[in-house]
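*Asks:* By the numbering used here, the letter at position 70 of the sequence shown is numbered 246, and the numbering carries on one by one without gaps. Even glycine gets a Cβ: it sits at the ideal position worked out from N, Cα and C. Given the structure is predicted, the values throughout are model-derived calculations rather than measurements.
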Amino acid sequence: MQEWTVIARVLRPQGRRGEVLAEVLTDFPERFADRKNVVLLRENSNPTPAVIEAHWFPTGRNAGKVVLQFAGTTNISDAEALAGLQIAIPDSERVMLEEGAFYVSDLVGCSVTEEDHTLGTVRDVHFATDAHGRRIEKATPILVIERQDGDELLVPLAKAYLHKPDIPNKRLEMRLPPGLLDING
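Put into C-alpha cells, the structure is as follows:
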C-alpha cells in the first residue's frame, strides 16, 4: 500500500483563474519549484493525481503560504472544490533528512518509554509559532503523547532527552529531566 506525506493543505481559492492558496506543511517549500506531480487526498477517498502548473509564494498577510495552479483548474468554482484537500507526495520522494532529524509522520504512532516505563504513544508534534502563525525554526518541537489512561503528556523533542530513537520499530526511548513528568500533572 502506498504511503503519502502531506506537504500542503488547500485553504481557499486565490484569484479568478483557478489558483488556490495553500498552507505549507513541509520544511522544504522550495521543492514546489521542481515538484509537478502530486496527489490530492480527500478523507475516505482514493488519492487523485494532480499536476502543479505554477506556484508562487505570496507576501503580506499570506506570507508563509503558497499559491498553486493545478492543471485543469481554470476558474473559481474549480478552485472552491479543492478547499480542504491535502496535497501529498509518495513517501519514497521525501527529502533525505540529516541524522537526528525526523518527519512528523514517522514520529506519530511511536511508543515512548523512559527507563523501561511506557509513557504512551506520540499523537502529534507541535511547533512554536510567532504572532503571524509562522513557525519559529529554533524552537524545540513538543511531542504530544497520549497516555494509556487517555491523558495528554507534553514532552520537548530535545536531542538531550532523546536517548534511543528507533523509527523503523516506532519506538522512542527518552531520558527526561527530574520533575518534567510532574509538571504535566
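1. Please classify Met272: is it buried, with 16 or more other beta-carbons within 10 angstroms of its beta-carbon, or exposed?
2. To the nearest angstrom, how far is the alpha carbon of Asp300 from that of Ala198?
3. In terms of residue numbering, what span does the beta strand (DSSP E) encompassing Ile318 cover?
4. Helix, strand or coil, according to DSSP, for Phe208 in the structure here?
5. Is it a yes or a no for the stretch 215-230 touching the stretch 238-254, going by three-plus beta-carbon pairs under 8 Å?
6. Hey, quick one: how far does the beta strand (DSSP E) through Glu274 stretch, first residue to last?
7. What are the residues that DSSP puts in a beta bridge with Glu328?
8. Can you tell which of Gly194, Gly191 and Ala184 has the C-alpha that lies nearest to the C-alpha of Glu206?
9. Could you tell me which uninterrupted beta strand (DSSP E) segments, each at least 3 residues in length, are contained entirely in the stretch 179-251, listed from first to last along the chain?
10. In angstroms with no decimal places, state the Cα-to-Cα distance between Val200 and Ala307.
11. Take Glu322 and list the residues in its own chain whose beta-carbon comes closer than 6 Å to its own, dropping the five residues that flank it on each side.
12. I need the straight-line Cα distance from Asn360 to Gly191, nearest angstrom please.
13. Report the partner residues of Ile265 according to the DSSP bridge assignment.
14. I need the DSSP call for Glu349, collapsed to helix, strand or coil.
15. Tell whether a beta-carbon distance below 8 Å holds between Thr181 and Ile265.
*Replies:* Quick look at the numbers:
1. Around the CB of Met272, fewer than 16 other CB atoms lie within 10 Å, so the residue is classed as exposed.
2. Distance from the CA atom of Asp300 to the CA atom of Ala198, rounded to whole angstroms, is 21 Å.
3. Following the DSSP letters along the chain, one finds Ile318 inside the beta strand (DSSP E) bounded by residues Ile318 to Glu322.
4. DSSP places Phe208 in helix when its eight states are reduced to three.
5. They touch, by the three-pair rule.
6. No beta strand (DSSP E) holds Glu274; DSSP gives it neither H nor E.
7. DSSP lists Glu322 as partners of Glu328.
8. Cα-wise, what sits closest to Glu206 is Ala184.
9. 180-189, 196-200, 213-217, 224-232 and 241-246, all fully within the stretch 179-251.
10. About 17 Å.
11. The beta carbon of Glu322 is closer than 6 Å to those of Gly296, Thr297 and Arg299 in its chain, skipping five residues each way along the sequence.
12. Approximately 45 Å, taken between the alpha carbons.
13. For Ile265, which the question treats as bridged, DSSP gives the partners Thr181.
14. Glu349: strand per DSSP, three-state reduction.
15. In this structure, the beta-carbon distance from Thr181 to Ile265 falls below 8 Å.
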